[in-house]
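Count along the sequence shown from 1, then add 2; that gives the number in my numbering.
We treat Cβ as the ideally placed atom computed from N, Cα and C, and that holds for glycine.
Values in this document were obtained by computation on a predicted structure and should not be read as measured data.
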Amino acid sequence: EFLDFYEENEDEIYDKEQRVFTNWFYNCWIKAGGQNFKLPSYFVFHDDDKSFNLKENKWISDDNKWE
């Protein structure tokens, strides 16, 4: 039942999933002192074409990550 529900509502659920996991990961990164790291830090979902820049707290395209 869950898989059927998920497949029928995947677009709406996926956006919310991304938001929840990104917020959770970002908060854990902050608590771990991540902002003190000198190197760039990113959070990426598998096979996605965008990355969350943890230092700047915003989503960027993967192309911009390597500039």
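Beta-bridge analysis with DSSP links Phe-54 to Phe-45, Trp-61. In this model, Thr-24 and Lys-18 are separated by some 10 Å (Cα to Cα). For Trp-26, the enclosing alpha helix (DSSP H) covers residues 12-33. When secondary structure is reduced to three states using DSSP, Glu-3 falls in the coil class, being assigned neither helix nor strand. In this structure the region 33-45 touches the region 56-63; the number of beta carbon pairs closer than 8 Å is three or more.
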